[in-house]
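Numbering (our numbering), first residue to last: 2 to 644. Positions of the beta carbon are idealized from the N, C-alpha and C atoms, including for glycine.
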């Protein structure tokens, strides 16, 4: 690989590479922006850091131009659908590399720590923006491509309770993560640092290879040109990385990085002529070597490529692909039996075997046969088996709905959670589906299950719009979400309440899901409080509001009132950010509809006229989310300048 430039992702490879590798890199030359904008971001950011001032999009509005740049929007439209949103106030500040390493982890689901099952589907992705060039020795972000579909026990393993799956968590527990690898306090020889021979380097590499998973190896995203953007699956393992250059130059030559969490609000519209439901059979071994990572793709077996095949097709169409091959009845049943046995393979290294078996069962060409095997696995004692079965049932598609409905009514909490999550990711919006999901949201004793149900309502509504099936039930989805906001309470963030690092928080009688990391921005208005259910409900409300007021019908008025109240007096800043995003989308996002309006015009007229005033009812605004919702960056001038 050239030391001058990384091989950026070509537009025609974007979906394929993301579905398989889980990571793509956009060149600044393809963003459609003047290249000097990145230098302006860098200069302003360095001045703010040197002056010890907060680094925010409102202080450096050129970052908002990057978020709306034609090349980035086009790429993200392909990966997470049109009108994609950004989780507000969630790590949307810059990161500066230094002398320490992080341990390998997957980030928490957005909303931050609003725990739910990890979507294999491209529902949430991460965006890294580098305003300056990044040399290989400047602490480039380290990632594990091809790791996004393999996970960990997030139900019973409390190391993962906070939401971030870990590799070699002992690296953190032992205190090794706190030690500087490089810099003035480093104990290592300079040559060992430069040549990646330190104990830290070795341990980070071995944490990857010790998984036993196919294709995985450490990849550092460098060298990059100023203005490069890295997009990766929210499920990709990654970590912060130490610098290897002369520490005396760090202050004058910082490596900045902006991170944003993007999420899907629309599915592909199959009525559009440019979207074909036809399954394209990809030769995953062409080229044989991944030009970005150097990984030999010819070693990817059926367990891996079956997963890639599904997601390549789903990103393009929102639907499962056609069966992988036509087998005779005897061959199909024999193959299904072997795959069903593979679902129960033991050990973390067997994760790809279990997941691969689930996806191959889904594509076997006989949904009833696949569902029979996957349904049995869904009730297994082992979390890893239940998890594989859940993803397999989702890959089957809406034919798995009866199995998921039964699971969502189970007396076993983890099975209920899997069922209500699977309905959100696979099923059509019907009266029966709506009833069980809203019941779980209203009545389930588990905060975890209620938060998953809240997220599923947004996913079901999103799919209803794309398929045209169940659209008339979307107002009921919104009504259930708004009602949940009246019931659910914020709680003091668990890390505060338990007086320990968020990585070591544990369940309580009040919540079986992590609710930590609350922030108040130093303002009296806000408190360090969280609510997984409230935040996931508002996440779904943003999705539903992305499709226009008329779709929401009689549920719109109460929703607008509830959102305005949240903006005016909510103590949870994440909830405020989502509420602002939802109202802004109602006002600004274009909706292709020539029919007579259903919503009384005064509701929308008042909202349009008063939007900026409403946004001013809170002391802060998440501009990264608002600009994606259609609010002009010029609106920043209507509010007090950043302190």
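Out of the options, which one is the CA nearest neighbour of residue i?
{"i": "residue 321", "options": "394, 27 and 433", "result": "394"}
{"i": "residue 1", "options": "400, 546 and 502", "result": "This structure gives no information on residue 1, because the portion of the chain shown stretches from 2 to 644."}
{"i": "residue 31", "options": "9, 24 and 301", "result": "9"}
{"i": "residue 90", "options": "82, 58, 227 and 108", "result": "58"}
{"i": "residue 428", "options": "413, 445, 336 and 459", "result": "459"}
{"i": "residue 135", "options": "438, 610, 246 and 521", "result": "246"}
{"i": "residue 636", "options": "585, 602 and 606", "result": "585"}
{"i": "residue 95", "options": "620, 610 and 50", "result": "50"}
{"i": "residue 617", "options": "578, 587, 170 and 188", "result": "578"}
{"i": "residue 511", "options": "548, 445 and 566", "result": "445"}
{"i": "residue 392", "options": "248, 629 and 119", "result": "119"}
{"i": "residue 171", "options": "160, 181, 165 and 508", "result": "160"}
{"i": "residue 287", "options": "471, 496, 14 and 367", "result": "14"}
{"i": "residue 438", "options": "407, 150 and 467", "result": "407"}
{"i": "residue 567", "options": "56, 399 and 583", "result": "583"}
In angstroms with no decimal places, state the Cα-to-Cα distance between residue i and residue j.
{"i": "residue 563", "j": "residue 440", "result": "21 Å"}
{"i": "residue 254", "j": "residue 342", "result": "55 Å"}
{"i": "residue 644", "j": "residue 591", "result": "With a pLDDT of 46 at residue 644, under the threshold of 50, the predicted position of this residue should be treated as unreliable, though the coordinate-derived value follows. Computed Cα separation, rounded: 34 Å."}
{"i": "residue 645", "j": "residue 240", "result": "A query on residue 645 cannot be resolved here, the shown segment of the chain reaching from 2 to 644 and no further."}
{"i": "residue 261", "j": "residue 230", "result": "11 Å"}
{"i": "residue 371", "j": "residue 338", "result": "10 Å"}
{"i": "residue 291", "j": "residue 6", "result": "16 Å"}
{"i": "residue 2", "j": "residue 176", "result": "Note that residue 2 scores a pLDDT of 39, beneath 50, so its modelled location is shaky and nothing firm can be said."}
{"i": "residue 305", "j": "residue 299", "result": "11 Å"}
{"i": "residue 474", "j": "residue 552", "result": "9 Å"}
{"i": "residue 356", "j": "residue 615", "result": "46 Å"}
{"i": "residue 250", "j": "residue 513", "result": "46 Å"}
{"i": "residue 228", "j": "residue 457", "result": "35 Å"}
{"i": "residue 106", "j": "residue 130", "result": "20 Å"}
{"i": "residue 604", "j": "residue 420", "result": "37 Å"}
{"i": "residue 349", "j": "residue 44", "result": "46 Å"}
{"i": "residue 285", "j": "residue 81", "result": "22 Å"}
{"i": "residue 252", "j": "residue 223", "result": "20 Å"}
{"i": "residue 487", "j": "residue 494", "result": "20 Å"}
{"i": "residue 413", "j": "residue 499", "result": "28 Å"}
{"i": "residue 529", "j": "residue 431", "result": "38 Å"}
{"i": "residue 313", "j": "residue 83", "result": "17 Å"}
{"i": "residue 48", "j": "residue 60", "result": "11 Å"}
{"i": "residue 572", "j": "residue 565", "result": "13 Å"}
{"i": "residue 539", "j": "residue 489", "result": "12 Å"}
{"i": "residue 280", "j": "residue 332", "result": "23 Å"}
{"i": "residue 612", "j": "residue 557", "result": "15 Å"}
{"i": "residue 317", "j": "residue 275", "result": "10 Å"}
If the criterion is Cβ atoms closer than 9 Å, does the pair residue i and residue j meet it?
{"i": "residue 574", "j": "residue 505", "result": "no"}
{"i": "residue 503", "j": "residue 523", "result": "no"}
{"i": "residue 327", "j": "residue 364", "result": "no"}
{"i": "residue 451", "j": "residue 534", "result": "yes"}
{"i": "residue 424", "j": "residue 485", "result": "no"}
{"i": "residue 173", "j": "residue 243", "result": "no"}
{"i": "residue 21", "j": "residue 126", "result": "no"}
{"i": "residue 124", "j": "residue 168", "result": "no"}
{"i": "residue 463", "j": "residue 542", "result": "no"}
{"i": "residue 217", "j": "residue 146", "result": "yes"}
{"i": "residue 361", "j": "residue 426", "result": "no"}
{"i": "residue 256", "j": "residue 141", "result": "yes"}
{"i": "residue 152", "j": "residue 236", "result": "yes"}
{"i": "residue 181", "j": "residue 72", "result": "no"}
{"i": "residue 588", "j": "residue 609", "result": "yes"}
{"i": "residue 144", "j": "residue 271", "result": "no"}
{"i": "residue 102", "j": "residue 205", "result": "yes"}
Under 8 Å by Cβ, that's how I've got residue i and residue j pegged, so tell me the actual separation to the nearest angstrom.
{"i": "residue 98", "j": "residue 139", "result": "6 Å"}
{"i": "residue 132", "j": "residue 66", "result": "About 12 Å; that fails the 8 Å criterion."}
{"i": "residue 289", "j": "residue 297", "result": "7 Å"}
{"i": "residue 351", "j": "residue 375", "result": "That belief does not hold up - the Cβ atoms of residue 351 and residue 375 are roughly 17 Å apart, past 8 Å."}
{"i": "residue 268", "j": "residue 319", "result": "4 Å"}
{"i": "residue 515", "j": "residue 162", "result": "5 Å"}
{"i": "residue 491", "j": "residue 117", "result": "Incorrect: roughly 18 Å between the Cβ atoms, too far for contact."}
{"i": "residue 215", "j": "residue 346", "result": "About 14 Å separates the two Cβ atoms, so there is no contact after all."}
{"i": "residue 293", "j": "residue 76", "result": "With 8 Å as the limit, residue 293 and residue 76 do not qualify as a contact, their Cβ atoms being about 15 Å apart."}
{"i": "residue 17", "j": "residue 283", "result": "6 Å"}
* Below 8 Å, can you find three or more Cβ-Cβ pairs linking the segment 261-274 to the segment 195-209? -> The segment 261-274 is not in contact with the segment 195-209.
* Asked: Taking three-plus beta-carbon pairs below 8 Å as touching, is the segment 613-631 in contact with the segment 49-66?
  -> The segment 613-631, when compared against the segment 49-66, does touch it at the 8 Å Cβ threshold.
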